[in-house]
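Participant: Let me give you the structure first, and then I'll get to my questions.
Protein chains: 2
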Amino acid sequence: MTRATRKRVPRAEREPLMLDAAERVFSDVGFHAASMDAIAAEAGISKPMLYNYFGSKQGIYLAYLSRAGRDLLNRMLAADVPGGTLPERLAAGAGAFFGFVGENHDGWRVLREEMVGQREEVGGQVAGMRSAIHALLSEVLLEEGGDPSRVDAYAHALTGAGESLADWWLEHPDTPVEVLVDTLVDMAGAAAPPR
Amino acid sequence: MTRATRKRVPRAEREPLMLDAAERVFSDVGFHAASMDAIAAEAGISKPMLYNYFGSKQGIYLAYLSRAGRDLLNRMLAADVPGGTLPERLAAGAGAFFGFVGENHDGWRVLREEMVGQREEVGGQVAGMRSAIHALLSEVLLEEGGDPSRVDAYAHALTGAGESLADWWLEHPDTPVEVLVDTLVDMAGAAAPPR
DNA sequence: ACGGGTTCTTACTCGTGAGTAACGTTACGG
DNA sequence: CCGTAACGTTACTCACGAGTAAGAACCCGT
Numbered sequence: 101m102t103r104a105t106r107k108r109v110p111r112a113e114r115e116p117l118m119l120d121a122a123e124r125v126f127s128d129v130g131f132h133a134a135s136m137d138a139i140a141a142e143a144g145i146s147k148p149m150l151y152n153y154f155g156s157k158q159g160i161y162l163a164y165l166s167r168a169g170r171d172l173l174n175r176m177l178a179a180d181v182p183g184g185t186l187p188e189r190l191a192a193g194a195g196a197f198f199g200f201v202g203e204n205h206d207g208w209r210v211l212r213e214e215m216v217g218q219r220e221e222v223g224g225q226v227a228g229m230r231s232a233i234h235a236l237l238s239e240v241l242l243e244e245g246g247d248p249s250r251v252d253a254y255a256h257a258l259t260g261a262g263e264s265l266a267d268w269w270l271e272h273p274d275t276p277v278e279v280l281v282d283t284l285v286d287m288a289g290a291a292a293p294p295r
Numbered sequence: 101m102t103r104a105t106r107k108r109v110p111r112a113e114r115e116p117l118m119l120d121a122a123e124r125v126f127s128d129v130g131f132h133a134a135s136m137d138a139i140a141a142e143a144g145i146s147k148p149m150l151y152n153y154f155g156s157k158q159g160i161y162l163a164y165l166s167r168a169g170r171d172l173l174n175r176m177l178a179a180d181v182p183g184g185t186l187p188e189r190l191a192a193g194a195g196a197f198f199g200f201v202g203e204n205h206d207g208w209r210v211l212r213e214e215m216v217g218q219r220e221e222v223g224g225q226v227a228g229m230r231s232a233i234h235a236l237l238s239e240v241l242l243e244e245g246g247d248p249s250r251v252d253a254y255a256h257a258l259t260g261a262g263e264s265l266a267d268w269w270l271e272h273p274d275t276p277v278e279v280l281v282d283t284l285v286d287m288a289g290a291a292a293p294p295r
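Protein chains in written order, with my numbering: chain A, 101 to 295; chain B, 101 to 295.
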């Protein structure tokens with residue numbers, strides 16, 4: 101016994117725990133400042149295990165981004181109500197988005213850092229999810245009578261507005277979600293004329 | 101002669117050149133990945149000069165952020181037309197903002213990274229500028245009849261929308277500025293009722 | 001024309017953190 | 001019930017980058 105043999109846990113169970121630890125560390129200090137030693141310690145495991153399962157620092161980062169991005173995107177896709185009115189559909193999407201942020205502060209912070217950052221080898225991961233959200237929003241605006249030549253700009257502006265509201269929310273947790281949702285919905289009203 | 105004595109340049113002239121070089125490097129790879137050696141090379145100078153003038157990596161970063169932030173803020177403050185209508189005032193502010201971004205892509209990228217990042221020791225620098233812009237926008241919305249209980253949320257959403265549009269613009273440089281400005285102004289219309 | 005402050009260099013130190021080697025230990029499938 | 005694959009560890013290597021010492025060349029004022 102080389103000392104301190106941890107409880108043995110199968111890979112399928114350990115991996116998500118490692119990603120949880122990575123989330124906390126990445127969220128706290130950002131990708132670059134996060135060390136594999138810190139993640140290992142947070143996960144209660146030794147560093148070579150991380151390398152066994154994820155190969156590299158970038159590997160674990162990508163795995164984490166993929167999981168978080170999938171979660172957010174699925175929530176938004178599931179929330180859409182294709183039959184509804186524009187305000188209904190927007191409120192549903194915004195609600196799903198803020199739901200993710202509210203339940204997953206750390207995850208939001210990591211995704212947020214990556215959206216703006218310039219890590220080329222990795223940006224695609226988040227950019228893909230982001231453009232899927234963007235496409236969903238554009239589609240909704242178009243279907244609900246938005247000016248086709250302006251929809252793209254509005255979609256970008258609205259996603260940015262949502263992201264910024266999410267950041268603000270983290271600093272003012274007592275703000276009711278409805279305020280955030282209503283703000284977005286009102287602004288989107290400028291994009292598509294009420295019918 | 102220890103070899104390769106560069107052209108001698110007084111400090112008051114060399115410092116801004118160093119900041120220009122730092123801007124390029126920070127913009128390219130981000131703060132953490134930027135090395136002092138890279139900045140020195142970009143500036144055509146040796147590393148100890150950077151330390152002579154700025155003390156540390158954080159020092160040169162702060163000096164740069166301060167310069168860029170001051171530039172952006174001054175443009176926006178100067179552009180406001182306190183007598184005008186809401187759309188006029190918003191268009192003026194947005195125009196000044198996009199003017200900065202358009203003339204200073206690299207600078208925008210650096211500021212942008214810092215807005216979202218979690219570098220506590222340094223965040224205040226950009227946060228200060230950002231909150232000044234936020235205050236200006238809130239003031240305009242309030243003076244022009246915005247609902248006081250919602251102005252804060254709108255101001256955050258609008259700044260986020262503007263930032264996101266700026267990012268989009270960098271990737272689609274052929275988008276006319278008017279489209280960006282109009283989008284923001286239209287959205288802001290939801291915040292304050294037309295009179 | 002020379003002293004001293006400023007500009008500038010080369011050539012280091014030294015910590016930190018990614019990634020690896022080499023090796024125990026558990027448990028489960030045959 | 002035992003061999004072997006999966007789980008897990010300690011203890012390294014090695015590169016890279018922040019920061020520093022020590023001193024050389026320049027140039028201005030007196």
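From the three backbone atoms N, C-alpha and C, an ideal C-beta is built for every residue, glycine too.
Take the Cβ of Gln158 of chain A as the centre, count every other Cβ of all protein chains shown within 10 Å, and call the residue buried at 16 or more, exposed below.
Facilitator: As a working mapping, residue 158 of chain A is identified with position 58 in the first sequence. Classification for Gln158 of chain A: exposed.
Participant: Which residues in chain B sit within 8 Å of Tyr164 of chain A, going by Cβ to Cβ distance?
Facilitator: The residue you call residue 164 of chain A lines up with position 64 of the first sequence. Near Tyr164 of chain A there are no residues of chain B at all, since even the closest Cβ is about 16 Å away, more than 8 Å.
Participant: Could you check what DSSP says for His132 of chain A in three-state terms: helix, strand or coil?
Facilitator: Position 32 of the first sequence holds residue 132 of chain A. If DSSP states are grouped into helix, strand and coil, His132 of chain A belongs with coil.
Participant: Any Cβ of chain A within less than 7 Å of the Cβ of Ser61 of chain B?
Facilitator: Because chain B is modelled from 101 through 295, residue 61 of chain B falls outside the range shown and cannot be assessed.
Participant: Can you give the Cα-Cα distance for Arg250 of chain B and Ala291 of chain B, rounded to whole angstroms?
Facilitator: Taking the first residue of the second sequence as position 1, residue 250 of chain B is located at position 150. Taking the first residue of the second sequence as position 1, residue 291 of chain B is located at position 191. Answer to the nearest angstrom: the Cα atoms are 8 Å apart.
Participant: Would you mind working out which of A:Ala288, A:Arg108, A:Arg175, A:Glu115 sits nearest Gly246 of chain A, comparing C-alpha positions?
Facilitator: Position 146 of the first sequence, counted from the first residue, corresponds to residue 246 of chain A. When only C-alpha atoms are compared, the closest one is A:Ala288.
Participant: Runs of 3 residues minimum, wholly inside the stretch 258 to 287 of chain B: which ones carry the beta strand (DSSP E) assignment?
Facilitator: As far as the stretch 258 to 287 of chain B is concerned, it has no whole beta strand (DSSP E) run of at least 3 residues.
Participant: Nearest-angstrom Cα distance between Ser135 of chain A and Phe126 of chain A?
Facilitator: Translated into positions along the first sequence, residue 135 of chain A becomes position 35. Translated into positions along the first sequence, residue 126 of chain A becomes position 26. Computed Cα separation, rounded: 9 Å.
Participant: Quick check: the Cα distance between Leu165 of chain A and Val181 of chain B, rounded to an integer number of angstroms?
Facilitator: Start at 1 with the first residue of the first sequence, and residue 165 of chain A comes out as number 65. Start at 1 with the first residue of the second sequence, and residue 181 of chain B comes out as number 81. In a straight line, the C-alpha of Leu165 of chain A is about 44 Å away from that of Val181 of chain B.
Participant: Flag this pair as touching only if the stretch 205 to 218 of chain A and the stretch 255 to 267 of chain A have three or more C-beta atom pairs under 8 Å; answer yes or no.
Facilitator: Yes, the stretch 205 to 218 of chain A touches the stretch 255 to 267 of chain A.
Participant: Assign Leu280 of chain A to one of two classes, buried (16 or more other C-beta atoms within 10 Å of its C-beta) or exposed (fewer than that).
Facilitator: Within the first sequence, the letter at position 180 stands for residue 280 of chain A. Buried, by the Cβ-count rule.
Participant: Should Leu177 of chain B be labelled buried (16 or more other beta-carbon atoms within 10 Å of its own) or exposed?
Facilitator: As a first step, residue 177 of chain B is located in the second sequence; it is residue number 77 there, counting from the start. Label assigned to Leu177 of chain B: exposed.
Participant: So with Cβ pairs under 7 Å, would you call Gly260 of chain A a contact of chain B?
Facilitator: Translated into positions along the first sequence, residue 260 of chain A becomes position 160. Interface residue, yes.
Participant: Measuring only the C-alpha atoms, how far is Leu284 of chain B from Glu243 of chain A?
Facilitator: Within the second sequence, residue 284 of chain B is the residue found at index 184, counting from 1. Within the first sequence, residue 243 of chain A is the residue found at index 143, counting from 1. Spanning the two alpha carbons is a distance of roughly 22 Å.
Participant: Buried or exposed: where does Arg212 of chain B fall if 16 or more other Cβ atoms within 10 Å of its Cβ makes it buried?
Facilitator: For the purposes of this step, residue 212 of chain B is taken as the residue at position 112 of the second sequence. Buried.
Participant: Answer yes or no: do Leu172 of chain A and Phe131 of chain A have a C-beta to C-beta separation smaller than 7 Å?
Facilitator: To locate residue 172 of chain A, count along the first sequence from 1; it is residue 72. To locate residue 131 of chain A, count along the first sequence from 1; it is residue 31. Taking 7 Å as the Cβ cut-off, Leu172 of chain A and Phe131 of chain A do not qualify as a contacting pair.
Participant: Compute the beta-carbon to beta-carbon distance between Gln218 of chain A and Val129 of chain B, rounded to the nearest angstrom, for a pair I have assumed lies under 8 Å.
Facilitator: The residue you call residue 218 of chain A lines up with position 118 of the first sequence. The residue you call residue 129 of chain B lines up with position 29 of the second sequence. About 7 Å; that satisfies the 8 Å criterion.
Participant: Roughly how many whole angstroms lie between the Cα atoms of Arg111 of chain B and Ala194 of chain B?
Facilitator: Against the second sequence, residue 111 of chain B aligns to sequence position 11. Against the second sequence, residue 194 of chain B aligns to sequence position 94. Distance between the alpha carbons of Arg111 of chain B and Ala194 of chain B is about 36 Å.
Participant: Could you tell me how far apart the beta carbons of Val240 of chain B and Leu162 of chain B are, in whole angstroms, since I believe they sit closer than 8 Å?
Facilitator: Here residue 240 of chain B refers to the residue found at position 140 of the second sequence. Here residue 162 of chain B refers to the residue found at position 62 of the second sequence. With 8 Å as the limit, Val240 of chain B and Leu162 of chain B do not qualify as a contact, their Cβ atoms being about 30 Å apart.
Participant: Using a Cβ cut-off of 8 Å, pull out every chain B residue sitting near Glu213 of chain A, in sequence order please.
Facilitator: The residue you call residue 213 of chain A lines up with position 113 of the first sequence. Within chain B, the residues near Glu213 of chain A are Val216, Gly217, Gln218.
Participant: Using a Cβ cut-off of 7 Å (strictly closer), state whether Trp268 of chain B contacts chain A.
Facilitator: Taking the second sequence and counting its residues from 1, one reaches residue 268 of chain B at position 168. Closer than 7 Å: yes.
Participant: Counting contacts by CB-CB distance shorter than 7 Å, is Gly223 of chain B in contact with chain A?
Facilitator: The sequence position of residue 223 of chain B within the second sequence is 123, counting from 1. Answer no: the Cβ-Cβ gap between Gly223 of chain B and chain A never drops below 7 Å.
Participant: Arg250 of chain B versus chain A: which residues are under 9 Å apart at the beta carbon?
Facilitator: Here residue 250 of chain B refers to the residue found at position 150 of the second sequence. Ordered by position in chain A, the residues that pass the 9 Å Cβ test against Arg250 of chain B are Val279, Asp282, Thr283, Asp286.
Participant: With a threshold of 7 Å between beta carbons, is Gly159 of chain B in contact with chain A?
Facilitator: Residue mapping note: residue 159 of chain B aligns to position 59 of the second sequence, counting from 1. By this cut-off, Gly159 of chain B is not an interface position.
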